[in-house]
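Student: Under our numbering, read the sequence shown as residues 1 to 493, first letter to last. Each residue gets a CB set at the ideal place from its N, CA and C atoms; glycine is no exception. No experiment lies behind these values; they were computed from the predicted model shown.
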Amino acid sequence: MSEKCTIRIRFDRPDRTYRGGETISGEVIISVNSDVRCNGITLTRYWKTHGRGNTATGEKVKIPLSEAGPLQTGEELTLPFSFEAERTPLTYRGHYINVDHYVHVNVNVPWAIDPKHEEEYILLPGECPPEYSNGRGDIMLAVGQTAGLSSTGKTALIIFVGLFALLMLPIAFFLSPLILIGGIIYWIRRNMIAARVGEVEFTLPHQVVTNEESLPVQVKFTPRRSFLINGVTLRLMATESATSGSGTNATTHRHTLLDEQHTLHPAGQMFPGEPFIGDYQLNLPKTQAWSLRLPSNVVEWSVEARIDIPRCPDWSMKTVLTMVPAEFLSGTESVSASPSPATWADTESTDIEHTSVQENFRSPVPDSRVGNDGSTDDLASIIALVNQIESAGRFGNERSEIAAATAGHVYDVRLVIDRVATTFGYSGTDERFRQGKTVTGTVEGTDQLVQLFTTSEHEAELNRLKRGDVWYGRVVIDSWDSLYNRLIMLEST
1 MSEKCTIRIR FDRPDRTYRG GETISGEVII SVNSDVRCNG ITLTRYWKTH GRGNTATGEK
61 VKIPLSEAGP LQTGEELTLP FSFEAERTPL TYRGHYINVD HYVHVNVNVP WAIDPKHEEE
121 YILLPGECPP EYSNGRGDIM LAVGQTAGLS STGKTALIIF VGLFALLMLP IAFFLSPLIL
181 IGGIIYWIRR NMIAARVGEV EFTLPHQVVT NEESLPVQVK FTPRRSFLIN GVTLRLMATE
241 SATSGSGTNA TTHRHTLLDE QHTLHPAGQM FPGEPFIGDY QLNLPKTQAW SLRLPSNVVE
301 WSVEARIDIP RCPDWSMKTV LTMVPAEFLS GTESVSASPS PATWADTEST DIEHTSVQEN
361 FRSPVPDSRV GNDGSTDDLA SIIALVNQIE SAGRFGNERS EIAAATAGHV YDVRLVIDRV
421 ATTFGYSGTD ERFRQGKTVT GTVEGTDQLV QLFTTSEHEA ELNRLKRGDV WYGRVVIDSW
481 DSLYNRLIML EST
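Right under this line is the structure:
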């Protein structure tokens, strides 16, 4: 909140959830706190990534809301806005990677810090992007391509490589034996595999897939000699890869979203001249982890075929898939009313790799309801409420409805503190909560995240709290924040 004015952004939909191609509209409400000269009010829409990887930001589209003019104390401006939702990228809540869409409002005040405020909105699959209109082939080009060099860049690269090679000739004289040994090892390995399995065909009808699709896969080869195998398998994987830093300081964090192994043929013996044909229907899971390929943030799906040969290098081939929403393939506006959670078994990896669970894609209701005339419930009741919320599905409105049903009820709670900060983002109508503190943490004895808005009355007490401390008090349930999967509470006054 600025000393000069207070900015609120109100969307036409309380859950701030839209599909690609739909019209996003609402209004910006500006309450002027002191006389200022304004050079214009601008709304900017854009998307950006956040998480472990370097931040990538989409095009910032500016929409003027008001021209230059004086703003007087006590004045309240209501400025409508409207724009068409982008088709991609879609909102994503991952482990190391998040993609969010924002609306940012800026009041241009000369010779002073500009008052500003931004809110997130949720983008779900909707209209098929124009570049995908011709089917699976175009989607591969649009989603999977990487930026190439121009002809000038290629020429410069060739010149650089040539000069580098000339400078490295003396060193290459000493490295040539190592290069030769490496080449011999590669040739021996390749021929050991070929002498057994011959030519292997690994075929898929297409590489562009969608969730809950059945993908036929075939592995076919004719053995050249008799040999034992430990099995012929297919491995379906989905991973996040987020890179932070650059150059020698770059660190890549990887997380396994899905790792499934399917057996085409168990351990046994292969005989020369007897063709092996392994067909399998690969059932893809429910997911919202659509393929994403940005410079430092990648969500990748792949399927790998492997022939496990004891005492011999394995034959393997990996094909990268492009996972897109069903709407982009069918051309329909919506396949399901709301997103579905992944049904994967997460796999813990070594080093910095961890497991991931998709979060809900809905956002909090902007309008707050403050009530202190509700019933007072004890600690056991708040635990019961948390258990009820946890048992509800993450997707859809069930958790929001549970919170709405208890809105205005007063509870005695014990909160384990994560952070205490000055309130800036309170969008309710009660001005008392704009001057206080925002407490984030969990309900003691549970993993339920909460955000508590307080008045300035107990500011000194709250300032002394640090992470891990327990705060005990009486709160009012306000709403459910589906964006961050947490309960919104207000201090009972």
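How many whole angstroms separate the CB atoms of PHE227 and MET270, which I take to be in contact at a CB cut-off of 8 angstroms?
Tutor: 6 angstroms between Cβ atoms; contact.
Student: So the beta strand (DSSP E) ALA238 belongs to, where does it begin and stop?
Tutor: Here the beta strand (DSSP E) through ALA238 covers 231-244.
Student: Quick check on DSSP: helix, strand or coil for ILE417?
Tutor: ILE417: strand per DSSP, three-state reduction.
Student: How long is the line joining the alpha carbons of ASN463 and VAL420, rounded to whole angstroms?
Tutor: Approximately 7 angstroms between the Cα atoms of the pair.
Student: Return the first residue and the last residue of the beta strand (DSSP E) that ARG306 is part of.
Tutor: Where ARG306 is concerned, the enclosing beta strand (DSSP E) stretches over 297-308.
Student: Return helix, strand or coil for GLU359, following the three-state DSSP convention.
Tutor: Legend: pLDDT at GLU359 = 35, less than 50; position of this residue unreliable, value from coordinates given subsequently. Here GLU359 sits in coil by DSSP.
Student: Which two residues bound the contiguous alpha helix (DSSP H) that contains ASN463?
Tutor: Here the alpha helix (DSSP H) through ASN463 covers 459-463.
Student: Does the contact criterion of 3 or more C-beta pairs under 8 angstroms hold for the segment 300-310 versus the segment 224-238?
Tutor: Cβ pair count under 8 angstroms is three or more, so yes.
Student: Quick check: the segment 22-35 against the segment 83-90, are there 3 or more CB pairs under 8 angstroms?
Tutor: Taking 8 angstroms as the limit for Cβ pairs, the verdict is that the segment 83-90 does touch the segment 22-35.
Student: With H, G and I counted as helix, E and B as strand and the rest as coil, what does DSSP make of GLN448?
Tutor: In the structure shown, GLN448 sits in coil (DSSP, three-state: anything other than H, G, I, E or B).
Student: On the three-state DSSP scale, how would you describe ASN211?
Tutor: Correct three-state label for ASN211: coil.
Student: Which residue's Cα is closest to the Cα of ARG10: VAL105, ALA305 and GLN218?
Tutor: The residue with the shortest Cα to Cα distance from ARG10 is VAL105.
Student: Which term fits PRO524, buried or exposed, when burial requires 16 or more other beta carbons within 10 angstroms of its beta carbon?
Tutor: With the chain covering 1 to 493 only, the question about residue 524 has no answer from this structure.
Student: What are the boundary residues of the beta strand (DSSP E) that ILE277 is part of?
Tutor: Unbroken beta strand (DSSP E) run through ILE277: 276-283.
Student: Is ARG474 helix, strand or coil when you go by DSSP?
Tutor: Correct three-state label for ARG474: strand.
Student: Can you give me the C-alpha to C-alpha distance between PRO216 and GLN261, rounded to a whole angstrom?
Tutor: C-alpha separation (whole angstroms): 15 angstroms.
Student: Name the residue from TYR18, GLY231, THR287 and LEU292 whose alpha carbon lies nearest to the alpha carbon of ARG306.
Tutor: The option with the nearest alpha carbon to ARG306 is GLY231.
Student: Within its chain, find whatever has a CB closer than 8 angstroms to the CB of SER381; leave out the 5 residues flanking it on each side and keep chain order.
Tutor: Result list for SER381: TYR411, in chain order.
Student: Residues bridged to GLU8 by DSSP?
Tutor: The residue you asked about is not Glu; residue 8 is Arg in the sequence shown. According to DSSP, ARG8 bridges with ILE29.
Student: Less than 8 angstroms separating the beta-carbons of LYS48 and THR57?
Tutor: The answer is yes: Cβ separation under 8 angstroms.
Student: For ARG434, which residues does DSSP report across the bridge?
Tutor: In the DSSP output, where bridge partners are listed per residue, ARG434 has none listed.
Student: Cβ of SER66 less than 8 angstroms from any chain D Cβ?
Tutor: This model lacks chain D altogether, as it is built from one protein chain only.
Student: Going by DSSP, name the residue or residues bridged to PHE227.
Tutor: DSSP lists MET270 as partners of PHE227.
Student: Look at the alpha carbon of GLU240 and the alpha carbon of THR251, and state the distance between them as a whole number of angstroms.
Tutor: In a straight line, the C-alpha of GLU240 is about 14 angstroms away from that of THR251.
Student: Using the C-alpha atoms, what's the distance from ASP100 back to ASN54?
Tutor: Rounded to the nearest angstrom, the two C-alpha atoms are 14 angstroms apart.
Student: Between the C-alpha atoms of ALA289 and THR440, what's the straight-line distance to the nearest angstrom?
Tutor: If you take the alpha carbons of ALA289 and THR440, they lie about 28 angstroms apart.
Student: ASN39 to GLU431, Cα distance in whole Å?
Tutor: About 27 angstroms.
Student: Quick check on DSSP: helix, strand or coil for SER34?
Tutor: Coil.
Student: What does the alpha-carbon distance come out to for the pair ASP418 and TYR484?
Tutor: Each residue's Cα considered, the two are about 15 angstroms apart.
Student: Go through its chain and collect everything with a Cβ distance to LYS60's Cβ below 6 angstroms, but skip five positions before and after it.
Tutor: Around LYS60: THR44 and TYR46.
Student: Does the beta-carbon distance from VAL219 to VAL197 come in below 8 angstroms?
Tutor: Not a contact, by the Cβ cut-off of 8 angstroms.
Student: Hey, quick one: how far does the alpha helix (DSSP H) through SER82 stretch, first residue to last?
Tutor: Here SER82 belongs to no alpha helix (DSSP H); instead the beta strand (DSSP E) covers 76-84.
Student: Just to check my reading of the structure: THR406 and PHE433 have Cβ atoms closer than 8 angstroms, yes? What is that Cβ distance to the nearest angstrom?
Tutor: Actually they are not in contact, since the Cβ atoms of THR406 and PHE433 sit about 19 angstroms apart, beyond 8 angstroms.
Student: On a CA-only basis, which of ASP447, PHE453, THR422 and THR442 is nearest THR429? Give me that one, please.
Tutor: Ranking ASP447, PHE453, THR422 and THR442 by Cα distance to THR429 puts PHE453 first.
Student: Report all residues from its chain with a CB closer than 7 angstroms to the CB of LYS318; omit the five preceding and five following residues, and keep chain order.
Tutor: SER302 and GLU304.
Student: Compute the Euclidean distance between the alpha carbons of ALA326 and GLU76, then round it to the nearest angstrom.
Tutor: One C-alpha to the other measures close to 44 angstroms.
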